[in-house]
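Before any comments, here is the structure.
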Amino acid sequence: MSRIGNKVIELPAGVEVSQAGEVVTVKGPKGTLTRNISSEITMTVEGNEVKFTRPTDDYKMKALHGTTRANVNNMVEGVTQGFTKNLQLVGVGYRAQLQGKKLVLTVGYSHPVEFETPEGLTVEVPDNTHINISGIGKQAVGDFAAEVRAIRSPEPYKGKGIRYVDEYVRRKEGKTGK
Numbered sequence: 032m033s034r035i036g037n038k039v040i041e042l043p044a045g046v047e048v049s050q051a052g053e054v055v056t057v058k059g060p061k062g063t064l065t066r067n068i069s070s071e072i073t074m075t076v077e078g079n080e081v082k083f084t085r086p087t088d089d090y091k092m093k094a095l096h097g098t099t100r101a102n103v104n105n106m107v108e109g110v111t112q113g114f115t116k117n118l119q120l121v122g123v124g125y126r127a128q129l130q131g132k133k134l135v136l137t138v139g140y141s142h143p144v145e146f147e148t149p150e151g152l153t154v155e156v157p158d159n160t161h162i163n164i165s166g167i168g169k170q171a172v173g174d175f176a177a178e179v180r181a182i183r184s185p186e187p188y189k190g191k192g193i194r195y196v197d198e199y200v201r202r203k204e205g206k207t208g209k
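Pasting the structure below:
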């Protein structure tokens, strides 16, 4: 039994969920999100509750049931609260700065690395070693944060690189000289 798929999504005040065929639209105070869901999963909106049902109990339907419910729940959470990923630069001379809509990173390469901020996301640099990425789409925020982190992911010997603020980097012992 899919425990997540059977949970009911409670809609906060000011959030509307509508479905047109396979397209689900969620409107809220922070914006509007749309997503395609499987036609095999049935979504019903009753008052301020959204329920999902599946036709059969085979393994793939159970997985699709829980995934669909989780995706719509993330859309509801995104249009009400939004999502944020916080990154930290660790290393001597590593810094970040905003130039208009561009994020410019100096992380030990011979050239600065520039990122164009995707549509719908906001990037803030409170100081030159922290980056805050926020938006209403959980996947978009996570993808952009992972893209920025991949430029210089943390290495295990000195811990230098770009990491999430709450990330634990396992450290290794270096060489021992004789």
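The number in this note's numbering is simply the position in the sequence shown, starting from 1, with 31 added.
Even for Gly, the Cβ is constructed at its ideal location relative to N, Cα and C.
Item	Value
Could you round the C-beta distance between V121 and G205 to whole angstroms and report it? I think they count as a contact, below 8 angstroms.	With 8 angstroms as the limit, V121 and G205 do not qualify as a contact, their Cβ atoms being about 17 angstroms apart.
So, for T56: in the same chain, excluding its five sequence neighbours on each side, which residues have a beta-carbon less than 7 angstroms away from its beta-carbon?	S49, T63 and T65
Reducing DSSP to helix, strand and coil, say where A51 ends up.	strand
If you measure between the beta carbons of F83 and M92, is that distance less than 8 angstroms?	no
Is the beta carbon of F146 within less than 7 angstroms of some heavy atom of the ligand FAD?	Absence of the ligand FAD is noted for the structure shown, with no ligands found whatsoever.
Apply the 10 Å Cβ neighbour rule to M32 and answer buried if 16 or more other Cβ atoms are within range, or exposed otherwise.	Low per-residue confidence applies at M32: pLDDT is 48, beneath 50, and the placement is therefore not dependable enough to give any value.
With DSSP as the reference, please indicate the residues paired to N163 in a beta bridge.	N117 and E155
In angstroms with no decimal places, state the Cα-to-Cα distance between N37 and Y90.	15 angstroms
Helix, strand or coil for K93, going by three-state DSSP, please let me know.	helix
If you count every other CB in all the chains shown that lies within 10 Å of the CB of F175, and 16 or more means buried, which is it?	buried
Under the rule that 16 or more other beta-carbon atoms within 10 Å means buried, what is P185, buried or exposed?	buried
In angstroms with no decimal places, state the Cα-to-Cα distance between P43 and N79.	7 angstroms
Round the Cβ separation of E47 and K61 to the nearest angstrom and send it over; I've been treating them as touching at under 8 angstroms.	13 angstroms between Cβ atoms; not a contact.
Determine the direct distance from the alpha carbon of Y188 to that of K203, and round the result to whole angstroms.	5 angstroms
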